[in-house]
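Undergrad:
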Amino acid sequence: MLDAEFFCRWLTLAASWVERDADRLTALDSPIGDADHGSNLLRGFRAVIATLDEQHPDTPGAVLAVAGRRLVSTVGGASGPLYGTLLRRTGKALGDAVEVDRDELAEALRTGVDAVAGLGGATPGDKTMLDALVPAATALRTSFAAAREAAEQGALATTPMLARKGRASYVGERSIGHQDPGATSSALLVAALAETAGA
Ligand code: ADP
Ligand code: MG
Ligand code: MG
6 MLDAEFFCRW
16 LTLAASWVER
26 DADRLTALDS
36 PIGDADHGSN
46 LLRGFRAVIA
56 TLDEQHPDTP
66 GAVLAVAGRR
76 LVSTVGGASG
86 PLYGTLLRRT
96 GKALGDAVEV
106 DRDELAEALR
116 TGVDAVAGLG
126 GATPGDKTML
136 DALVPAATAL
146 RTSFAAAREA
156 AEQGALATTP
166 MLARKGRASY
176 VGERSIGHQD
186 PGATSSALLV
196 AALAETAGA
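Each number in our numbering comes from the position in the sequence shown (counting from 1) with 5 added on.
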């Protein structure tokens, strides 16, 4: 079973991987964006960890709600409200359960991913974070390892896509041939989740 401590460990690991990969995420955002994705997430996740250390939320839903609010308030770019919505809506779907299992998390994550699609108006194939998140949410019904693999494959699959949403859509055909930064950071977050679960 997954408790508040598990979710804090996940976000702490994710934050450390964001630190490690921030330059790479920013470099991916350079040809098809404004070269700030790594620094956006770095600022956001540092704030998330600081707030979790202060507040010690005691349910999975509360951890995700606190983290999501912090991302919205600290990340100026598109990814702040989108990831903030993902975490807040996933957390809300978990309710006030003290522990949840993987199936419950998979179902809640589906709700969170749907909310991201609702907010940003994107669907899979548009070259966004949804290309990693949608397959990951489906695969999480099978296992953490399957979710990690699905997110990674989903991120890689964005390279040949034409961007239809967000800043990358402004460069039109020139978006083709570059991996989407948000799909890449989504794969990182899902990989950190699987790692935390021991998968
Ligand atoms: P900004 O584009 O405002 O500088 P970031 O660079 O932090 O924000 O994040 C860019 C990422 O956000 C993109 O790579 C993409 O994955 C994601 N993104 C942008 N717009 C949307 C959208 N409408 N729906 C889903 N994801 C989006
Ligand atoms: Mg950017
Ligand atoms: Mg920006």
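Where a beta carbon is used, it is the ideal one built from N, C-alpha and C, also for glycine.
None of these values were measured; they are calculated from a predicted model.
Excluding the 5 residues flanking residue 169 on each side, which residues of the same chain have their C-beta closer than 6 Å to its C-beta?
TA: Same-chain partners within the cutoff: 131.
Undergrad: If you measure between the beta carbons of residue 140 and residue 37, is that distance less than 9 Å?
TA: Against a cut-off of 9 Å, the Cβ pair of residue 37 and residue 140 comes out as no contact.
Undergrad: Kindly indicate the opening and closing residues of the alpha helix (DSSP H) around residue 28.
TA: Where residue 28 is concerned, the enclosing alpha helix (DSSP H) stretches over 9-37.
Undergrad: Here's the rule I'm using: 16 or more other beta-carbon atoms within 10 Å means buried, otherwise exposed. How should residue 41 be labelled?
TA: Answer is buried; the Cβ neighbour count reaches 16.
Undergrad: Quick one: using the 10 Å Cβ neighbour count with 16 as the cut-off for buried, is residue 175 buried or exposed?
TA: Residue 175 should be labelled exposed.
Undergrad: Buried or exposed: residue 21, going by 16 or more other Cβ atoms within 10 Å of its Cβ?
TA: Residue 21 comes out exposed.
Undergrad: For the candidate residues 108, 107, 73, 189, whose alpha-carbon lies nearest to that of residue 156?
TA: It is 189.
Undergrad: Can you list, in chain order, the residues of its chain with a C-beta nearer than 6 Å to that of residue 50? Leave out the 5 residues immediately preceding and following it.
TA: Answer for residue 50: 20, 23, listed in chain order.
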